[in-house]
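What follows is a single structure, written as structure tokens, with notes after it.
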Amino acid sequence: MLPLLAFTESTQQIVATIIVVLMFVAFVRERIAPEIVALGGFAAMVLAGILPVESAMKAFSNEAVVMIASMLVICIALERSGVVASAGAFYEKISGRSQRTGLWVLMAVCGAMSAFLNNTSIVIIFLPVVMAVCRRQGVAPSRMLIPLSFATVAGGMITLIGTSTNMVVVGQARDYGLSFSMFEISGLGLAVFGVSLLYLGILGPRLLPDRVALSNLLEDAKSKEYLTRAFVSENSPLIGKLYAETPLARLRGIRLIDVIRTGVMVETSFMELRLEAGDQLVLKGRLEDVMTMRQTHGLELVPRESLGLEGVKMEQAVMMEAVLGPGSTILHKSLKQLNFRQRYGVIIVAVHRMGVNLRERFEDMRFMMGDTLLLEGPPEQMSQLFKERGFINLTRPKDTRPRREKRWIALGILFAVCLLGALAETGTDKGGTILTDWGMPDLNFGLIALTGALLCVLTRCVDTSEIYEAMEWRILLLIIGTVGIGAGMEKCGLAGHLARSIVGVFSQFGDLAVLSAVYLIAVILTEFLSNAAVAAIITPIAMQTALSLQVDPKPFVIAAMFGSTLAFSTPIGYQTNLLVYNAGGYKFTDFCRIGIPLTLLLWLLCTFLIPVFWPLTRLP
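With our numbering applied, the sequence shown covers 1 to 620.
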């Protein structure tokens, strides 16, 4: 297959730069799903001849993709077997003693689990647990949720499998001939985790705000409201009038939910709707508001002989709170596009985003990951809604029936994968690994993790249907696309050009300054872009930077790895930050106030510790 266009190397670099810049703009604007942006940029580089087809195909077989997919399966198995829920129950039990104790236990438990499990899944499981504990203790969730997110991010740096970012970097580094053992980064990772816990545990309570979350609106639901139907009569004076002009629109305690005309839901905006004879109006209000509404001339509550309140058919509704997770099917869509009321039988009372509770005019707003919704509807419809992936129930913990009999099997598989992965990557004096010295095949971690995932399925720790439902397909597609982009940048020489620019600016201050600059560039980009995307793009640059300096590339790859993850200054710096952002009622500046000092502290820590663990030795 020939490329559609053929460019010289210098022209390829210009075209690649344009593609990368356009991708960054698209990532920041968030109008297009990140995985689509990444795959689109990947395809553009192939079509432009920047990345040969043979090299492009390697992105789909990259070891990082296999490792991440396999570890996600094992993580799903641990979740389904109740291991993660048991940790949540332990935290809930301990936290009853005091808020400060609960904070330390929360960070320690979640951070330790994140060393081996997907940190996004841990936050999703712990979110409703923490919210329930906060309501019981009378504590604002904003005092706990940022530490939850930050601790899982820092804990993920203890092992190579702690975050997808680590596995992306490792997968790319192996294309350059670099290998990493399972616990090679544990020393630096534990230092990062320890400093993060001390910072959050000591200074966090002074910096964390008391914010009003959407859950505070649940208190308004204590006075029960009801749904009822009213009918526009044949000779009603309301006929032909805009709904906004009717007395109903001026009643503060009554809200119009739906309009049914000739058996069909009307899609027109209620404020632009002209009423017709026979229109059925679905309304919500308290008992006393319904009494007032029945006095509206030309409106019948029910088509029955008796128009008294005793003739009104009412349905009591419940109100619940939910966060949109990464797997939600309504992301990047509006209420109008979704037909939400008709699809789920549930109404959205309010939306929380960017520190603001929105009660009105959010019909055209496109939903984003991390949006918190205040939902109202019949209990059975609400239960059905939360069965869909991506709706995280904050009102009460998810009602699941874990396969507790599989708990130790799932834990055993995880332990075996970690142990064999460590043995397979640990070299010996004989020139092989511990496994090969024992007479076993030369295995890489991707194959070991894949075997562990298959064992989880064969032992019924998880069903294939659950894997398809819970798998983070978007993350995998994002990684495939960005790995391809990184390969294209390296192939056309753009990565080398950027590396030489970095060296040219910072080399006068020494190799350590260049290393620090690579870390800082990675962390700044991650504050605004997907961490996996940054990792895939910055790793080739880090490699080329080290080669330009003629020093061992491993410390620079480590700098790219940690810099692409440890971004705490903005809510979009990491996926877990987005999940807690709206749930805690935070403002953007809350993350800046507590996250910027921590980000700078870890930058300095890593700058001085990376050369301790991986010396900046000259290449022969």
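In this text, a Cβ means the ideal position worked out from N, Cα and C, and glycines have one as well. In this text the structure is predicted, and so the values were computed from the model without any measurement.
If you reduce the DSSP assignment to three classes, tell me which class residue i lands in.
i: T159; result: coil
i: Q280; result: strand
i: L2; result: With a pLDDT of only 46 at L2, under the threshold of 50, the placement of this residue in the model should not be trusted; the figure read from the coordinates follows. L2: coil per DSSP, three-state reduction.
i: L242; result: strand
i: L256; result: strand
i: R229; result: strand
i: R623; result: Since the first residue shown for the chain is 1 and the last is 620, residue 623 is missing from the structure and cannot be characterised.
i: V551; result: strand
i: R353; result: strand
i: G308; result: Note that G308 has pLDDT 35, beneath the 50 cutoff, so the model's placement of it is unreliable and no number is given.
i: R343; result: helix
i: E219; result: Because E219 sits at a pLDDT of 48, beneath the cut-off of 50, its placement in the model cannot be relied upon, and the point is left open.
i: R407; result: helix
i: R474; result: helix
i: R80; result: helix
i: R593; result: helix
i: A16; result: helix
i: R31; result: coil
i: R274; result: strand
i: L203; result: coil
i: L51; result: coil
i: D463; result: coil
i: S334; result: coil
i: L602; result: helix
i: K398; result: Low confidence applies here, because K398 scores a pLDDT of 49, under 50, leaving its location unreliable and the question unanswered by this model.
i: N235; result: coil
i: E380; result: helix
Select from the options the residue whose C-alpha is nearest the C-alpha of residue i.
i: I558; options: I18, L616, R404, V462; result: L616
i: M382; options: K93, F528, F340; result: F340
i: G486; options: T539, V462, N531; result: T539
i: T163; options: A69, S233, R404, G240; result: A69
i: V153; options: D590, A244, L579, I413; result: L579
i: P65; options: I32, Q172, G189; result: Before going on, a small fix: residue 65 reads as Val here, not Pro. Out of I32, Q172, G189, Q172 has the C-alpha closest to the C-alpha of V65.
i: M71; options: T268, L447, A48, R500; result: L447
i: A56; options: G481, I541, G563; result: G481
i: F270; options: A244, V264, I254; result: A244
i: N531; options: M167, I19, G49; result: M167
i: V264; options: P209, L283, Q342; result: Q342
i: S501; options: M489, I479, T545, A522; result: T545
i: L627; options: M543, D371, T526; result: Residue 627 falls outside the range modelled here, since the chain spans only 1 to 620, and no answer is possible.
i: S334; options: G488, L324, F367; result: F367
i: S548; options: G493, K587, V534, T526; result: G493
i: Y586; options: A140, Y574, R618, G189; result: A140
i: L498; options: I521, F509, L478; result: I521
Sort out for me which residues DSSP pairs residue i with in a bridge.
i: C348; result: Here residue 348 turns out to be Ile, not Cys, going by the sequence shown. Looking at the DSSP assignment, I348 forms a beta bridge with L375.
i: N393; result: A322
i: M265; result: I260
i: R618; result: V551
i: R211; result: In the DSSP output, where bridge partners are listed per residue, R211 has none listed.
i: R500; result: Its beta-bridge partners do not exist; DSSP assigns none.
Taking Cβ positions only, does residue i come closer than 9 Å to chain B?
i: A115; result: As a matter of chain content, chain B is missing from the structure shown, which is built from one protein chain.
Quiz item: When the Cβ atoms of the region 344 to 351 are set against those of the region 372 to 386, are three or more pairs found closer than 8 Å?
Solution: Yes, the region 344 to 351 touches the region 372 to 386.
Self-check item: Validate contact between the region 62 to 76 and the region 115 to 126 using beta carbons, cut 8 Å, 3 pairs
Solution: Judged by Cβ distances under 8 Å, the region 62 to 76 makes contact with the region 115 to 126, as three or more pairs qualify.
Exercise. Only counting runs of 4 or more residues, tell me where the alpha helix (DSSP H) segments fall wholly within the region 92 to 153, in order along the chain.
Key: Listed in chain order, they are 99 to 114, 119 to 137.
Exercise. Pair every Cβ in the region 568 to 577 with every Cβ in the region 100 to 113, then say whether three or more of these pairs are closer than 8 Å.
Key: Put simply, the region 568 to 577 does not touch the region 100 to 113. Fewer than three CB pairs are less than 8 Å apart.
Quiz item: Is the region 401 to 418 touching the region 140 to 155, taking contact as three or more C-beta pairs under 8 Å?
Solution: Cβ pair count under 8 Å is below three, so no.
Self-check item: the region 189 to 209 in contact with the region 591 to 602 per 3-pair CB rule at 8 Å
Solution: Touching, yes.
Quiz item: Okay, do the region 405 to 414 and the region 459 to 467 touch, 3+ Cβ pairs below 8 Å being the bar?
Solution: Contact between the region 405 to 414 and the region 459 to 467 is present: 3 or more CB-CB pairs across the two stretches fall below 8 Å.
Quiz item: Using 8 Å as the Cβ pair cut-off and three pairs as the minimum, do the region 599 to 613 and the region 227 to 241 touch?
Solution: Three or more Cβ pairs closer than 8 Å define a contact, and the region 599 to 613 falls short of that threshold against the region 227 to 241.
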